[in-house]
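*Asks:* Before I ask anything, here is the structure I am working with.
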Amino acid sequence: MKYSILQKFVAGIIIISGLSSCDDREIITVDTQAAPVLMDLSKSSLVLDSNFPSNPALTITWKSAQTSVPIELKYDLEISSTQTFTSSKVLASTNQSATVLSFTVKDLNEAAKSIGLVAYQPQKMYFRVKSMTTSNQLSQVSNITDLMLTPYLASPTYTYSDLFLIGSAAVGNWDNLATNNTLLPLLKTSNANVYTYTGLFKSGTDLGFKIIKVKGSWDAQFGFGSAGVLSTSGGSGNLTVPEEGYYKLTVDTAALTYSLVKIPNPTTTYTTVSLFGTSTGSTDIQLTKSAFDPHSWSASKVTLKEGAFKFRANNSSTVNWGTNSEFYGVGALGGADIPVSAEWQYDVYFNDVSGNYTFIPVK
């Protein structure tokens, strides 16, 4: 396989009879001469320890591909669970002809998950290097080598940013502790900057609330700036409602705006709300009813298996909520199952007025 580099040289020669010019074109042909050679893995077997995710785990080096003319190359390091590489992933890439890559324990564990390796079982992870020019030409593939790898259970991929209510007018009170499981998350939406919450808010002297990003920290907070406007200042005021009742709160963290719309008070209450489905082993996992708002339910460190579940009232499928959306959504009465892509422990939150739910992987 070849490609050409065209270099054009223009020279002008002035002579008495007039002006003439000539073009000399030089074509440089670049050939592949040798594929990259995967030289060394710093280990031949590895048991990954979840207690040390940032520790260095593996360094991979290879001999560069050879071309007839020195040019800059880039490399993709590919991994697969099979030696045939019928289904492979690019683990990392280099440019400027670099021929070494290093990975942490967490890097390798996430890589193992991406190609379907099973947690706590020794399995082979196969590696190869693909070289190419900066314009993706002259592709060549190295030899294949492998690593006997024992991964641990990888956390689900959760890329969302959560916001939590805090304050005496809301469920969580002012106890800003990382362990305060009554601090409820707002519902995320398709717009990463817009969040909503539907529930009970109280009104009265010194009753108010704010919104925080991280439980246990005041570093990132949203409070009252002016009517309909949020403030991120540490000295911001508390948000309030004019009278006790159920409201839909909507906030936009980019525009720094908020709205509170009163809704009718709910008339139906439930004795219990639970999780039920293949993710629970077809057993009801009970949620805890809030002492502040009887329509707000939660549970901490719930183990959910890969599969699906619904929220259901009174341990019966007569009244159930669901929709086909992992991690958060608005459950419809009699709706679809809620998918769970990875077995893990989750903090679970549900509101039976709006059907809003959130389940967050426990780190």
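Numbering (this note's numbering), first residue to last: 12 to 374.
Cβ coordinates follow ideal geometry from the N, Cα and C atoms, glycine included.
Assuming Lys199 contacts Tyr339 under a Cβ cut-off of 8 Å, what Cβ separation, rounded to an integer in Å, is found between them?
*Replies:* Indeed they touch by this definition, with Cβ atoms about 5 Å apart.
*Asks:* Can you give me the Cβ contacts of Lys316 inside the same chain, cut-off strictly under 8 Å, excluding the 5 residues immediately before and after it?
*Replies:* Thr289, Ser290, Thr291, Gly292, Val351 and Glu354.
*Asks:* Secondary structure at Asp118, three-state DSSP: helix, strand or coil?
*Replies:* Helix at Asp118.
*Asks:* Threshold first: 3 residues or longer. Then list the beta strand (DSSP E) segments lying entirely within the region 309-337, N to C.
*Replies:* Those beta strand (DSSP E) runs which fall completely within the region 309-337 and span 3+ residues are 318-324 and 331-333.
*Asks:* Within 10 Å of its beta-carbon, does Ser32 have 16 or more other beta-carbons around it, so buried, or fewer, so exposed?
*Replies:* Residue confidence for Ser32 is low, a pLDDT of 40 falling below 50, so the modelled location carries little weight; the figure read from the coordinates is stated next. Classification for Ser32: exposed.
*Asks:* What is the residue span of the beta strand (DSSP E) that Phe212 lies within?
*Replies:* Counting along the chain, the beta strand (DSSP E) containing Phe212 begins and ends at Val205 to Phe212.
*Asks:* Any contact of the region 105-114 with the region 80-90, i.e. 3+ C-beta pairs under 8 Å?
*Replies:* The region 105-114 vs the region 80-90: in contact.
*Asks:* Going by Cα to Cα distance, which pick from Arg139, Lys141 and Gly227 is closest to Leu174?
*Replies:* Minimum Cα distance to Leu174 is reached at Gly227.
*Asks:* Residue range of the beta strand (DSSP E) that Ile222 falls in?
*Replies:* Run containing Ile222: Phe220 to Ile223, per the beta strand (DSSP E) assignment.
*Asks:* According to DSSP, is Lys374 part of a helix, a strand, or is it coil?
*Replies:* In this structure, Lys374 counts as coil in the three-state DSSP scheme.
*Asks:* What residues match up with Gly234 in a beta bridge as DSSP calls it?
*Replies:* In DSSP, Gly234 forms a bridge with Ser242.
*Asks:* Could you name the residues of the same chain whose beta carbon sits closer than 6 Å to that of Val205, not counting the 5 residues immediately before and after it, in chain order?
*Replies:* The residues are Asp263.
*Asks:* What number of angstroms, rounded off, separates the C-alpha of Ile222 from the C-alpha of Val252?
*Replies:* Taking the straight line joining both Cα atoms gives about 14 Å.
*Asks:* Should Ala238 and Phe212 be called a contact, given that it needs their Cβ atoms to be closer than 8 Å?
*Replies:* No; because the gap between Cβ atoms is not below 8 Å, this pair is not in contact.
*Asks:* List the residues that DSSP assigns as beta-bridge partners of Gly248.
*Replies:* DSSP, once it has assigned bridges, lists Phe235 as partnering Gly248.
*Asks:* Hey, would you say Lys321 sits closer than 8 Å to Asp295, going by beta carbons?
*Replies:* It is not a contact, given that the beta carbons lie outside the stated cut-off.
*Asks:* Using the Cα positions of Tyr368 and Ser65, report the straight-line distance between them to the nearest angstrom.
*Replies:* Those two C-alpha atoms are separated by around 32 Å.
*Asks:* In terms of residues, what are the limits of the beta strand (DSSP E) holding Gln134?
*Replies:* Unbroken beta strand (DSSP E) run through Gln134: Gln134 to Thr144.
*Asks:* Indicate the three-state DSSP secondary structure (helix, strand or coil) for Val41 in the structure shown.
*Replies:* The predicted position of Val41 is uncertain, since its pLDDT is 48 and thus under 50; a value taken from the coordinates is nonetheless stated next. Reduced to three states, the DSSP call for Val41 is strand.
*Asks:* Considering only residues of the region 169-197, which uninterrupted alpha helix (DSSP H) runs meet the minimum length of 4 residues and lie entirely inside it, listed in chain order?
*Replies:* Runs of the alpha helix (DSSP H) inside the region 169-197: none found.
*Asks:* Measuring alpha carbon to alpha carbon, tell me which residue in Lys117, Asp51 and Gln148 is nearest Val111.
*Replies:* Answer by Cα proximity: Asp51.
*Asks:* What are the residues that DSSP puts in a beta bridge with Val268?
*Replies:* Correcting the residue type first, residue 268 is Thr in the shown sequence and not Val. DSSP lists Val240 and Asp263 as partners of Thr268.
*Asks:* Going by the beta-carbon positions, is the gap between Ala324 and Tyr281 smaller than 8 Å?
*Replies:* Their beta carbons are under 8 Å apart, which means Ala324 touches Tyr281 by this criterion.
*Asks:* Quick check on Asn187: buried or exposed, where buried means 16 or more other Cβ atoms within 10 Å of its Cβ?
*Replies:* Buried, because 16 or more other Cβ atoms sit within 10 Å of the Cβ of Asn187.
*Asks:* Please report the residue range of the beta strand (DSSP E) in which Ser285 lies.
*Replies:* Ser285 -> beta strand (DSSP E) spans Val284 to Phe287.
*Asks:* Asn335 to Ala123, Cα distance in whole Å?
*Replies:* Distance between the alpha carbons of Asn335 and Ala123: 27 Å.
*Asks:* Going by beta-carbon coordinates alone, are Tyr131 and Thr168 separated by less than 8 Å?
*Replies:* No, these two residues do not count as a Cβ contact at 8 Å.
*Asks:* By the three-class DSSP mapping on this structure, what secondary structure does Ser104 have?
*Replies:* In this structure, Ser104 counts as strand in the three-state DSSP scheme.
*Asks:* Run through DSSP, which three-state label would Ser166 get?
*Replies:* The answer is coil: DSSP assigns Ser166 none of H, G, I, E or B.
*Asks:* In whole angstroms, what separates the C-alpha of Leu59 from that of Asp157?
*Replies:* Roughly 16 Å between the two C-alpha positions.
*Asks:* To the nearest angstrom, report how far apart Leu241 and Ala266 are at their CA atoms.
*Replies:* Approximately 9 Å, taken between the alpha carbons.
*Asks:* Report the rounded CA-to-CA distance for Asp230 versus Gln77, giving the unit in angstroms.
*Replies:* Cα to Cα, Asp230 sits roughly 53 Å from Gln77.
*Asks:* Does Lys124 come out as helix, strand or coil in the three-state DSSP assignment?
*Replies:* If DSSP states are grouped into helix, strand and coil, Lys124 belongs with the helices.
*Asks:* What is the residue span of the beta strand (DSSP E) that Leu59 lies within?
*Replies:* Taken as a continuous stretch (DSSP letters only), Leu59 belongs to no beta strand (DSSP E), as it is neither H nor E.
*Asks:* If you run the structure through DSSP and keep just helix, strand and coil, what is Val290?
*Replies:* Going by the sequence as given, residue 290 is Ser instead of Val. Here Ser290 sits in helix by DSSP.
*Asks:* Spatial neighbours of Pro67 within its chain, please: CB distance less than 7 Å, with the 5 preceding and 5 following residues excluded, ordered by chain position.
*Replies:* Closer than 7 Å at the Cβ level, and outside the excluded window around Pro67, lie Ser113 and Thr115.
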